[in-house]
Structures are given as structure tokens and as C-alpha cells.
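Residues in the sequence shown are numbered from 1131 upward in steps of one, following the numbering used here. Since the structure comes first, as C-alpha cells, the remarks are kept for the end.
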Amino acid sequence: MFTDMDENELQKIREKAANALNSAADIGTLETIIGSYLGKEGKLSLVFRSFASLSPETRSVMGIKANEIKRDLTALAEARRQAFVAKNGDDVADWLDVTLPAAKLEIGHIHPLTQTIDRIVGIFHGMGFEVFDGPEIESDWYAFDALNIPKDHPTRDTWDSLFISDKQVLRPHTSPGQIRYMENHQPPLRIILPGRCFRRDAIDASHEINFHHIEGLMVDKDISVANFKAIIEEFFRQYFADSEKDSDRMSCIVRLRPSYFPFTEPSFEVDLGCVLCGQKGCSACKGTGWMEIMGAGMVHPNVFANAGVDASVWQGFAFGMGVERLAMIRHKINDIRLFYDGGTNFLNQF
Ligand code: DAH
């Protein structure tokens, strides 16, 4: 039978439990305390069990009391739990189902255009070329005049693109870097100039207003077109080989067609024997067996003069190619816009 003392006993349990819940220092201790009072075998459950031996009247009085205590302690326990969770997010981990599969961690990788630039730079590096970087915003002197592109000459239209002031243009090619480099370095020299360029082009599957160029320049005594052809064929051989073993076997042939660029004389278009069909004729080479791939030529004496190099002593060749085009041929990509729209289905293939 419960007596007054028993009611005191109940009150003591309540106080002890409340004190313990309030003083728990971490969520683990709190859970143990909750279990020891409110769990199946907890002190309060034992009290309820002992009610079986009480008279019906006492049982109902004590039952009301005990239920009230249980309700209060449960509310206090929950409030304390929430306080821990709010205070320290890590504790949420205690409430997670650790058997759930973890969220997938996406690991990024290098963009295919950067991979292509790295590959091209690596090959030229192996042939003794140094990388030189020019600014993306150029003065019209470096972008045009110094490269022998006269003010009113119609050829300027090809490059005369995105001016941001009277005298400043978003560079349409990385050729201006030739002048910047030669101003401070006398030959002999071998450089390549990779970088982002901008043109006022209509965007379609093969044109973007923003793209990447790699310019090359080699200046020395007794440099001829033959040196250019040898270097560029070796470059293509390595660029299109899939492995070192392949590169031993594979050869690339190059054809030079007469052309015109203001900064070179003579100038030519460089065609590469189609590496996709072995020159049998396919859609990539439009059935001709040749792919037009870059412009090149022997550096014009006016360009040397503008950069402070004596053209009676030094000769050299220069060339310029599009990074996107080289990446598209190597990876059989049919639309330049894929490089820039950020679609991960495309990017994850590289
Ligand atoms: N700058 C040219 C272009 O934007 C590419 C080029 C052609 C660069 C001939 C050269 C060159 O150095 O000799 O299309």
C-alpha cells in the first residue's frame, strides 16, 4: 500500500530525475538518464508496476500523480534533447540512421579545353618552346599595328572585333604576345602563347565569340619553312597519338597552301592529312582527305622592326591554331558550344 511517504518518494524521484536531466553534460549522458527514469525498466516504470498491489482509490490518486510526473519529465527530456541538437549540429549524427548509404561525393576534374591546352603545351615544351602569356585586353597597337595590320586595310575586319574603348580591344588572337615577348627578349627564341580570345562571330556549331588560341613563334639564324614543317608534323604526330606506343608508329602529313596574313610573308594555310579516315575521305574532312587546321608563315620584317629585332640577322616562323578545333578533332566532338554550356553529361566524358 502506498502511504504519504510513498507520495514523497514519488516527489523525490521527480526532483532527482529533473536535476539529472538538467545537468547532463552531453547527449549521450542525457540518453542514459532518460532510459534510467523513463525507459522500460526505468524507475518510473517500476513505480507504475508497483501500483498493481494498491487499493483502487489509492491507485487512481497515485496514478494521476505518477502520470503527471511522467508527462513533465518526458517534456523536459525532449526539451533537453532539442537543446543539444540546436547547440551542436554534430549531435544530429546520433539521430541519423548510419546504415543509410552516404551521399555521393562528386569529384571534379580538369575541363577538356584545359586538358587540351596542357597537352599541346607539353608537346611544345618537349621541343624547347617556352610559354608566354599576354593580356586579354590589348591596345590596338599590339593587337593590330605592330603586327603589320594597317589602320585602313580591309584585312583588319577579320580581327577588328570587340572594342571596349577607342584604343582597347578584347584580343581576337594571341599573336600580339609575339611583339610583347620580342620587345624584351632577343633571338634565338622559341615560344608558344596559349590563351582566351574573343571575336564578333555569329555563334554556331563551329564558332564561339569566346575561344582559345595557341600562337607559336620560333626565331633564329637560318630558319626556313622546312623547320616549320618538321616541327608541326612532329607536333601533330604526338598530339594525335593515343599512347607513347602509338606515337612511335603514327605519322601525320601536312600540306601548306599559299595564303595571306599581314604578319607573315610568305603565309600559308596548314592542312593536316585527315587523321580520322586516313585520308580516304569522310564527313570530318568533307571528303577531301585534308583538314584545314591553322595559319602560319615566315615572320614579316615589319613585325620584327616593330618589336626591335634586326630582320637582316634573324628569321623565323609563326603559326596560330584554335584549341577548340584541335580538341574537337581528337575527341570527335561535333559542336563547339558543348565546351561552354557546362553540361556535366558532356564534361564527365573527359
Ligand atoms: N592570328 C591568326 C588568326 O587569328 C592565326 C595566325 C596565322 C597566326 C598566321 C600566325 C600566323 O602567327 O603566322 O587566325
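We put the CB at the ideal spot given by N, CA and C, even for glycine. Being a predicted model, the structure only gives us computed values, none of them experimental.
beta-carbon residue i near ligand 1 non-hydrogen atom, thresh 7 Å
| i | result |
| --- | --- |
| residue 1370 | no |
| residue 1259 | no |
| residue 1446 | no |
| residue 1302 | yes |
| residue 1426 | yes |
| residue 1397 | yes |
| residue 1418 | no |
| residue 1394 | yes |
| residue 1269 | no |
| residue 1328 | no |
| residue 1345 | yes |
| residue 1450 | yes |
Where the alpha helix (DSSP H) through residue i begins and ends
| i | result |
| --- | --- |
| residue 1190 | 1186-1217 |
| residue 1459 | 1453-1461 |
| residue 1477 | 1474-1477 |
| residue 1340 | Segment 1340-1350 is the beta strand (DSSP E) holding residue 1340; no alpha helix (DSSP H) there. |
| residue 1306 | 1306-1314 |
| residue 1325 | No alpha helix (DSSP H) contains residue 1325, which is instead part of the beta strand (DSSP E) from 1319-1328. |
Per DSSP, the bridge partner or partners of residue i
| i | result |
| --- | --- |
| residue 1497 | Missing from the structure shown is residue 1497; the chain here goes from 1131 to 1480 and no further. |
| residue 1430 | Its beta-bridge partners do not exist; DSSP assigns none. |
| residue 1258 | Beta-bridge pairing links residue 1258 to no other residue. |
| residue 1337 | 1334 |
Per-residue burial, residue i [other beta carbons within 10 Å of its own, 16 or more giving buried]
| i | result |
| --- | --- |
| residue 1464 | exposed |
| residue 1322 | buried |
| residue 1390 | exposed |
| residue 1226 | exposed |
| residue 1142 | exposed |
| residue 1394 | buried |
| residue 1145 | exposed |
| residue 1341 | buried |
| residue 1230 | exposed |
| residue 1461 | exposed |
| residue 1194 | exposed |
Heavy atom of ligand 3 within 7 Å of residue i beta-carbon
| i | result |
| --- | --- |
| residue 1186 | Summarising the ligand content, the structure contains ligand 1 and does not contain ligand 3. |
Own chain residues within Cβ distance below 7 Å of residue i, not counting five before or after
| i | result |
| --- | --- |
| residue 1424 | 1400, 1449, 1450 and 1451 |
| residue 1163 | 1150, 1151 and 1154 |
| residue 1253 | 1365, 1368 and 1369 |
Residues of its chain near residue i, where Cβ-Cβ distance is below 6 Å and the 5 sequence neighbours each way are ignored
| i | result |
| --- | --- |
| residue 1417 | 1411 |
| residue 1397 | 1389, 1390, 1391 and 1427 |
| residue 1272 | 1306 and 1309 |
| residue 1466 | 1336, 1338 and 1454 |
Other residues of its chain near residue i: CB distance less than 8 Å, five sequence neighbours each side excluded
| i | result |
| --- | --- |
| residue 1440 | 1434 |
| residue 1316 | 1439 |
Terminal residues of the beta strand (DSSP E) in which residue i lies
| i | result |
| --- | --- |
| residue 1268 | 1267-1269 |
| residue 1368 | Element bounds for residue 1368: not the beta strand (DSSP E) but the alpha helix (DSSP H), 1355-1370. |
| residue 1174 | Note, residue 1174: premise wrong, no beta strand (DSSP E); alpha helix (DSSP H) at 1173-1180. |
| residue 1300 | 1298-1300 |
Test: residue i CB closer than 8 Å to a CB of chain C
| i | result |
| --- | --- |
| residue 1301 | Chain labels in this structure do not include chain C; a single protein chain is all it has. |
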